[in-house]
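A short worksheet on the structure shown next.
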Amino acid sequence: MSAATVARSEFFRSLLELWYDTSIKVPKSVYWRKTMSRSLLVLFVIFAASLNGHGQGRGGERGAAPPTARAAAPFDMTGYWVSIVGEDWRWRMFPNKGDYAGVPLNADGRRVADTWDPAKDEAAGEQCKAYGAPGIMRIPGRFHITWQDDQTLKIETDAGKQIRLFRFGAAPAAGADIQGVSKAEWELVRPGLGFAIAGDRRGSQAGSLKVTTTNLRPGYLRRNGVPYSANAKLTEYYDVVKEANGDTYLVLTSTVEDPMYLTQPMITAAHFKKQADAAGWNPAACAVR
Numbered sequence: 005m006s007a008a009t010v011a012r013s014e015f016f017r018s019l020l021e022l023w024y025d026t027s028i029k030v031p032k033s034v035y036w037r038k039t040m041s042r043s044l045l046v047l048f049v050i051f052a053a054s055l056n057g058h059g060q061g062r063g064g065e066r067g068a069a070p071p072t073a074r075a076a077a078p079f080d081m082t083g084y085w086v087s088i089v090g091e092d093w094r095w096r097m098f099p100n101k102g103d104y105a106g107v108p109l110n111a112d113g114r115r116v117a118d119t120w121d122p123a124k125d126e127a128a129g130e131q132c133k134a135y136g137a138p139g140i141m142r143i144p145g146r147f148h149i150t151w152q153d154d155q156t157l158k159i160e161t162d163a164g165k166q167i168r169l170f171r172f173g174a175a176p177a178a179g180a181d182i183q184g185v186s187k188a189e190w191e192l193v194r195p196g197l198g199f200a201i202a203g204d205r206r207g208s209q210a211g212s213l214k215v216t217t218t219n220l221r222p223g224y225l226r227r228n229g230v231p232y233s234a235n236a237k238l239t240e241y242y243d244v245v246k247e248a249n250g251d252t253y254l255v256l257t258s259t260v261e262d263p264m265y266l267t268q269p270m271i272t273a274a275h276f277k278k279q280a281d282a283a284g285w286n287p288a289a290c291a292v293r
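Okay, here's the thing in structure tokens:
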């Protein structure tokens, strides 16, 4: 668990450092060469961290876990965030009917996507089918994250006026809706030798937020009728990256598994930049087109 968390955080840090460096234009060949070299460093970090963890296995700190999820948080996700549409631009901004490239749809999934009729969704009052948990974080917009209570994170979206609740501990039973039931947990890692070698800048504790969502109502992965079923499972990892210039980014890695419509898991990434305040926050109702 800790090795995976280190790898994910450090890899995305490498991507962001290249992605948001506007002082020079990086050729693609150089970009990927640097990314691969940093990936090799990540592997070394994992190996060093595992040795360090093995050495501390018996003599490490022992104590009770923090009493609440809020107290245990390795980073602060609260505040206002705005989408950075740096990947899959055409599908996130202007998805056309029948354009499901990049989605591992099976024959049934392609049939549903090809026969999608937005007018029927509007007539049935189903304007929000693309705003469910598997798709909402990929719709460009702004997000407001707060603690609803010490065991529940709340994400509000201005696109579609949606609310997601990430519950730590036992999630209450609930009927299927477009946001499903989301169970959250912190994947924590104590930095040791590996972090020292990597030059980590995050302080004494780091980790990721893992969220698993089930009990979904059927909906769309994209705003062009690409379907997911009630059996879909969404797994998300949220990581925070702080840059030297003071900018803070939220990096989201999502995996959708759906045996009804997908031939394999669909993995996507989304990035968000933290905002100083609510400027630009503009809630709008769901729209089919």
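Just remember that the numbering used here sits 4 ahead of the position in the sequence shown, which is counted from 1. Heads up, the beta-carbon is just placed ideally off N, CA and C, and yes, glycines get one too. Remember, predicted model here, so these are calculated numbers, not experimental data.
Distance between Gln166 and Gly250 (C-alpha atoms, nearest Å): Within the sequence shown, numbered from 1, the residue matching residue 250 stands at position 246. Within the sequence shown, numbered from 1, the residue matching residue 166 stands at position 162. So the alpha carbons of these two residues sit roughly 29 Å apart.
Gly211 versus Ala123 - alpha carbon distance: Within the sequence shown, residue 211 is the residue found at index 207, counting from 1. Within the sequence shown, residue 123 is the residue found at index 119, counting from 1. So the alpha carbons of these two residues sit roughly 44 Å apart.
Endpoints, the alpha helix (DSSP H) within which Arg171 is located: By 1-based counting over the sequence shown, the position of residue 171 is 167. Following the DSSP letters along the chain, one finds Arg171 in no alpha helix (DSSP H) but inside the beta strand (DSSP E) bounded by residues Ile167 to Phe172.
Contact set for Ala282: own chain, Cβ-Cβ below 8 Å, skip 5 residues either direction: In the sequence shown, counting from the first residue as 1, residue 282 sits at position 278. Cβ neighbours of Ala282 beyond the five flanking positions: Tyr84 and His148.
Euclidean distance between Cα positions of Trp190 and Lys158: One-based indexing of the sequence shown puts residue 190 at position 186. One-based indexing of the sequence shown puts residue 158 at position 154. Going by the C-alpha atoms only, they are around 15 Å apart.
Under the three-state DSSP convention, the category Asp251 falls into: In the sequence shown, the residue the question calls residue 251 occupies position 247. Here Asp251 sits in coil by DSSP.
For Glu126, the first and last residue of its enclosing alpha helix (DSSP H): Looking up residue 126 in the sequence shown gives position 122. Per DSSP, the continuous alpha helix (DSSP H) segment holding Glu126 begins and ends at Pro122 to Ala127.
Start and end residues, beta strand (DSSP E) containing Arg146: Mapped onto the sequence shown, residue 146 falls at position 142. Note, Arg146: beta strand (DSSP E), Arg146 to Asp153.
Per DSSP, the bridge partner or partners of Trp294: Here the chain covers residues 5 to 293 and nothing more, so residue 294 does not appear.
Cross-strand partners of Asp181 (DSSP beta bridge): In the sequence shown, counting from the first residue as 1, residue 181 sits at position 177. DSSP lists Leu220 as partners of Asp181.
Validate contact between the region 232-251 and the region 135-155 using beta carbons, cut 8 Å, 3 pairs: The count of Cβ pairs closer than 8 Å, one atom from the region 232-251 and one from the region 135-155, reaches three, so the stretches are in contact.
7 Å CB neighbourhood of Val107 in its chain, flanking five on each side removed: The residue given as residue 107 occupies position 103 in the sequence shown. These residues qualify, in order along the chain: Leu225, Val230 and Met270.
Same chain, Cβ closer than 7 Å to Ala291, neighbours up to 5 away in sequence not counted: For the purposes of this step, residue 291 is identified with residue 287 of the sequence shown, where counting begins at 1. Hits under 7 Å: Gln131.
Outcome for Glu240 when other beta-carbon atoms lying within 10 angstroms are tallied against a minimum of 16: Counted from its first residue, the sequence shown places residue 240 at position 236. Around the beta-carbon of Glu240, 16 or more other beta-carbon atoms lie within 10 Å, marking it buried.
Which of helix, strand or coil DSSP assigns to Val292: For the purposes of this step, residue 292 is taken as the residue at position 288 of the sequence shown. Three-state result, Val292: coil.
Thr267 versus Asn110 - alpha carbon distance: For the purposes of this step, residue 267 is identified with residue 263 of the sequence shown, where counting begins at 1. For the purposes of this step, residue 110 is identified with residue 106 of the sequence shown, where counting begins at 1. Answer to the nearest angstrom: the Cα atoms are 6 Å apart.
Residue burial classification, Gln183 (beta-carbon count within 10 angstroms, cutoff 16): Your numbering for residue 183 matches position 179 in the sequence shown. When all chains shown are included, Gln183 counts as buried.
Alpha-carbon spacing of Pro287 relative to Arg115, whole angstroms: The residue you call residue 287 lines up with position 283 of the sequence shown. The residue you call residue 115 lines up with position 111 of the sequence shown. Those two C-alpha atoms are separated by around 33 Å.
Buried versus exposed, by CB contacts within 10 Å (16 or more), Gly145: As a working note, residue 145 is residue 141 in the sequence shown. Gly145 sits buried, since 16 or more C-beta atoms from the chains shown fall within 10 Å of its C-beta.
Where Gly211 sits in the DSSP three-state scheme: On the sequence shown, position 207 is the one that residue 211 refers to. In the structure shown, Gly211 sits in a strand (DSSP, three-state: E or B).
Neighbourhood of Trp151 by C-beta, 8 Å cutoff - its chain only, sequence neighbours within 5 removed: The residue given as residue 151 occupies position 147 in the sequence shown. The residues are Arg74, Thr82, Leu157 and Lys158.
Whole-number beta carbon distance between Val215 and Phe276, since they are thought to touch under 8 Å: On the sequence shown, residue 276 is found 272 positions in, with the first residue counted as 1. On the sequence shown, residue 215 is found 211 positions in, with the first residue counted as 1. At roughly 15 Å, the Cβ-Cβ gap does not stay under 8 Å, so Phe276 and Val215 are not in contact.
Beta-carbon proximity check, Val185 vs Ala178, cutoff 7 Å: Locating residue 185 in the sequence shown gives position 181, where the first residue counts as 1. Locating residue 178 in the sequence shown gives position 174, where the first residue counts as 1. Yes; because the gap between Cβ atoms is below 7 Å, this pair is in contact.
Segment limits, beta strand (DSSP E) that includes Val245: The sequence position of residue 245 within the sequence shown is 241, counting from 1. Start and end: Lys237 to Lys246.
Distance between Asp118 and Gly102 (C-alpha atoms, nearest Å): Your numbering for residue 102 matches position 98 in the sequence shown. Your numbering for residue 118 matches position 114 in the sequence shown. Taking the straight line joining both Cα atoms gives about 5 Å.
N- and C-terminal bounds of the beta strand (DSSP E) containing Glu130: Here residue 130 refers to the residue found at position 126 when the sequence shown is read from its first residue. First-last for Glu130: undefined, no H or E at that position.
Rounded C-alpha distance that separates Pro99 from Asn228: Position 95 of the sequence shown, counted from the first residue, corresponds to residue 99. Position 224 of the sequence shown, counted from the first residue, corresponds to residue 228. One alpha carbon belongs to Pro99, the other to Asn228, and they sit about 6 Å apart.
Per DSSP, the bridge partner or partners of Tyr232: Residue numbering aside, residue 232 sits at position 228 when the sequence shown is read from its first letter. Tyr232 has Gly223 as its beta-bridge partners, per DSSP.
Rounded separation between Leu256 and Tyr265 - CA only: Translated into the one-based positions of the sequence shown, residue 256 becomes position 252. Translated into the one-based positions of the sequence shown, residue 265 becomes position 261. About 23 Å.
DSSP beta-bridge partners of Met270: Within the sequence shown, numbered from 1, the residue matching residue 270 stands at position 266. According to DSSP, Met270 bridges with Val260.
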